[in-house]
Amino acid sequence: MKNYRYFIIVMIIIMTMINYIDRGGISYAQEDIIKEFGFDNVAWGAILGYFGYGYMLGSLFGGVLSDKKGPKFVWIVAGTLWSLFEIAMAFAGELGMAIFGGSALAGFGMLRIIFGFAEGPIFSTISKTNANWAAPKERGLLSALGLIGVPLGALITAPIVSGLLSVTNWRVLFILMGVLGLVWVVIWAKVFTDYPEDNKKVSAREVEEIRSTEDTIKGEKTVETEHNAHEKWYHFFKSPTLIFNTIGYFGFQYINFLILTWTPKYLQDEYHFEIHSLWYLGMIPWIGAVFTAYFGGKLSDWLRQKTGSLRIARSGLAIFGMTLAAICFLIIPTTDNIAFILILMMLGNACVFLPNAVYWSVVIDTAPKKSGTFGGIMHFFVNSATIIAPTLTGILVSAYGYGSMFISAVVAAVIGIIAMSFVKPGLKKIKTQTN
């Protein structure tokens, strides 16, 4: 195969899609689960938020392990575990009632935390894989391609899950999704290696292309020229760029998880759509994001080449996208027209995903040898949004109605905009010993 690294990226896209179907499926099954176990909005928001507690820890450990053990090890272990725990979710209520004194809520909470922990490593491991497999000139594009599975997965979650729920029950749904993940793991174990140099499918010419530095701009580091492999994990906190990039990414993740987890319930509660209607309505907010997630990575690399400035290519693009998103979400509470609302959600989400790859590219630009560890630390803090977004939304919706959900998205976008204005990719104030 001439460009085997693109096949690897396709496999990563597929796994990311499976990952997002797994985590998003529960949002479409919510009506049956709530009816069976009697949860209210606050309790349901808490169940959705429990995922984030495990996800935070999993992302941290996954990043460190991908540096120490290599990304292949983490991919296989994490993929296997989250698929098994997805299957176990079919019995969450019964486990809770048997183990936790008759509390189905505790059962869902426990399994959502463990499931989140297993899913946590995926994006820091993608970052490490990208650092190992991508040439400097295509980091933005390959980061975007690796992450495009996020909107694609969210997009196809609606028709797949709604379709399955129309012909079977939510328990079978979780079992089938878990089995799908296990199939991917088996294939991945056979086709992937930590480095392209170790893969028999990768030609010497492709390795040379990946390791080429001729297109590197001033001040940019590469896998083979980075001399800071001895940096410790805590050096992350000495870098203003990495810290503000994390805050900027938090704004993205808050909006992303808000739309992923609460859109189905919003449509059912406010506009009384049945599950058979959600197969297409649930897709609408994600249609534009599929294109902008890819286009944003390409645009970031183009800006890098045209301007010679990583700050414009990364930080500037993030500020631009989040500003447009904030405008879209700010308009939503002012209208009751469902068609207009869905269009605004689609446009706003598309703008959010325009800089999707930027946050991970900044880590690779700034510390490629520590992209796994530093990416894991970033993802740990960012994923507090996966707790805050669904949990806070449940509280806000109960107290103020669904309009408050979109106002909170505007606030998250503004936080991201302010933070990214301080990000200077490729620059970090870290002093380390070289011996």
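Take our numbering: the last position of the sequence shown gets the number 784, and nothing is skipped along the way.
Backbone N, C-alpha and C define an ideal beta-carbon position, used for all residues, glycine too.
Here the structure is a predicted model, which is why all the values come from computation and not from measurement.
If contacts are defined as beta-carbon pairs under 8 Å, then residue i and residue j qualify, I think. What distance do you get, rounded to the angstrom?
i    : j    : result
E435 : M526 : 5 Å
A441 : G456 : 5 Å
Y708 : G597 : 7 Å
A447 : I524 : A447 to I524, Cβ: 19 Å. No contact.
L497 : I362 : Reading off the sequence, residue 497 comes out as Ile, not Leu. With a Cβ gap of about 6 Å, I497 and I362 count as contacting.
I536 : R354 : Not confirmed; about 17 Å, so no contact.
A642 : N686 : Not quite, the Cβ-Cβ distance comes to about 27 Å (not below 8 Å), so this is no contact.
P682 : G743 : Contact flag wrong, Cβ pair sits at about 18 Å.
G724 : K477 : 7 Å
Within 10 angstroms of the Cβ of residue i, are there 16 or more other Cβ atoms? Answer buried if so, exposed if not.
i    : result
D371 : buried
F689 : exposed
W533 : buried
A554 : Note that residue 554 is Arg in the sequence shown, not Ala. So R554 counts as exposed.
S492 : buried
F464 : buried
V499 : buried
A675 : buried
D547 : exposed
K719 : buried
V701 : buried
Y620 : exposed
T715 : buried
S747 : exposed
A538 : exposed
G502 : buried
V540 : exposed
Can you give me the Cβ contacts of residue i inside the same chain, cut-off strictly under 7 Å, excluding the 5 residues immediately before and after it?
i    : result
W628 : A507, P508, S511, G512
G530 : I367, D371, G428, W431, S432, E435
E522 : Reading off the sequence, residue 522 comes out as Leu, not Glu. If we look at L522 and ignore the five residues flanking it on each side, its Cβ neighbours are G374, A378, V510, L513, L514.
A392 : L454
F449 : A455, G456
Please return the same chain residues whose Cβ sits closer than 6 Å to the Cβ of residue i, not counting the five positions on each side in sequence.
i    : result
Y603 : A734, A738, A761
F678 : G697, F755, A758, V759
I592 : none
E575 : Any reading at E575 is ruled out, since the residue's pLDDT is 44, under 50, leaving its predicted position unreliable.
F472 : H728
M769 : G597, S664, A667, I668
R520 : A439
Can the beta-carbon of residue i be found closer than 8 Å to that of residue j?
i    : j    : result
A662 : L673 : no
G670 : L703 : yes
V731 : T595 : yes
G398 : T740 : yes
P470 : G411 : yes
E487 : D650 : yes
G495 : I636 : no
G665 : L490 : no
L609 : F622 : no
S408 : F729 : yes
F601 : G765 : yes
Y544 : N481 : yes
Enumerate in chain order the residues of its own chain whose CB-to-CB distance from residue i is below 8 Å, with the five nearest sequence positions on each side excluded.
i    : result
R660 : V772, K773, P774
I779 : Per-residue confidence for I779 stands at a pLDDT of 44, beneath the threshold of 50, marking its modelled position as unreliable; the derived number appears in the next sentence. Taken in chain order, the residues that qualify are N577, E580, H584, K587, S588.
T474 : G411, G412, S415, P420, V423, W424, A427, G721
N784 : With a pLDDT of 35 at N784, under the threshold of 50, the modelled position of this residue cannot be trusted, and the question is left open.
How is the alpha helix (DSSP H) around residue i delimited, first residue to last?
i    : result
P500 : 498 to 516
R663 : Run containing R663: none; DSSP gives neither H nor E here.
L607 : 589 to 620
I375 : 353 to 377
P774 : Where P774 is concerned, there is no enclosing alpha helix (DSSP H), given that its DSSP letter is neither H nor E.
P634 : 633 to 656
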